[in-house]
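K.L.:
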Amino acid sequence: MKAKINEIFFSIQGEGVLIGTPTIFIRLYGCNLRCSWCDSMYSVEGDDFKELSISNIIKETQKYRCDNICITGGEPLLQFDFVTLLTEKLLKVEKKIILETAGHISPPKIYQNINTIVSMDCKCPSSKMEGKSNKKNLLNLSKKDQIKFVIKDETDYLYAKKLTENNNFNANIIFQPVWGSNPGIIADKVLKDNLDVRVLPQIHKNFWGDIKGK
Ligand code: SF4
Numbered sequence: 212m213k214a215k216i217n218e219i220f221f222s223i224q225g226e227g228v229l230i231g232t233p234t235i236f237i238r239l240y241g242c243n244l245r246c247s248w249c250d251s252m253y254s255v256e257g258d259d260f261k262e263l264s265i266s267n268i269i270k271e272t273q274k275y276r277c278d279n280i281c282i283t284g285g286e287p288l289l290q291f292d293f294v295t296l297l298t299e300k301l302l303k304v305e306k307k308i309i310l311e312t313a314g315h316i317s318p319p320k321i322y323q324n325i326n327t328i329v330s331m332d333c334k335c336p337s338s339k340m341e342g343k344s345n346k347k348n349l350l351n352l353s354k355k356d357q358i359k360f361v362i363k364d365e366t367d368y369l370y371a372k373k374l375t376e377n378n379n380f381n382a383n384i385i386f387q388p389v390w391g392s393n394p395g396i397i398a399d400k401v402l403k404d405n406l407d408v409r410v411l412p413q414i415h416k417n418f419w420g421d422i423k424g425k
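In terms of the numbering used here, the sequence shown has 422 at position 211, counting the first letter as 1, and numbering is strictly consecutive.
#1: Over the uninterrupted alpha helix (DSSP H) stretch that includes Leu-350, give me the two end residues.
#2: At a threshold of 7 Å, does Cys-277 count as lining the ligand SF4 (C-beta to nearest heavy atom)?
#3: Pick out the complete beta strand (DSSP E) segments inside the stretch 260-348, 3 residues or longer, and give them in chain order.
#4: Here's the rule I'm using: 16 or more other beta-carbon atoms within 10 Å means buried, otherwise exposed. How should Asp-356 be labelled?
#5: State the Cα-Cα distance for the pair Ile-213 and Gly-257, rounded to the nearest angstrom.
#6: Given this structure, state the Cα-to-Cα distance separating Phe-293 from Leu-302, to the nearest angstrom.
#7: Which value, in whole angstroms, describes the spacing of the CA atoms of Val-152 and Glu-271?
#8: Let me confirm a value: Leu-411 is counted as buried when at least 16 other C-beta atoms fall within 10 Å, else exposed. Which label applies?
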């Protein structure tokens, strides 16, 4: 079995609960959404991919002394069976896996494993994909997982606030300001509204800018 892979690289996890952790990123090609602020369109359009087998990928990850693997995209779950099998194989060699997904496809059951994290987006209005993240999928996440709201403006903030307050999400909630916006404005709102969420910027972009392979 092979999958379309855009890139494999070693960097710092710049988002969410594992922020700051050295991580190997496996970026799968292809996505059926089109978020207005997508920062990885090179993995969505343009046919920039290689077809790699699971053994090719595992060999590539062995170049780095690192147990954290992030499976990202694009939308990785469009290649569902491959992601399931790859995750099984990586767990067997004692890797810890985080899967980044947009929330419109249910993750495979293997993502109930304690050594995995699902990082699921909840798309806000400015993405132009509002409502695409399936609420049932968000509610099914557990404490080890995270829900990421990418927030661009006041409308997005109010949308994320309402959903957070009105649902019993088990997962960690991340409010992530869109790159280029002022994270302090969102942090102030969270404090004023006393929300039980984490406000986190994308720190890899602070380190290197918005570039591919980092
Ligand atoms: S779901 Fe992710 S990869 Fe797809 S368009 Fe949106 S931000 Fe880009």
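Note that the Cβ used here is the ideal one computed from N, Cα and C, for glycine as well.
P.N.:
Answer, in terms of the structure:
#1: 346-350
#2: no
#3: 261-264, 279-283, 307-312, 327-332
#4: buried
#5: Per the sequence shown, the amino acid found at residue 213 is Lys instead of Ile. If I take the Cα positions, the gap works out to 19 Å.
#6: 14 Å
#7: Given that the chain is displayed from residue 212 to residue 425, the structure contains no residue 152 and the question cannot be resolved.
#8: buried
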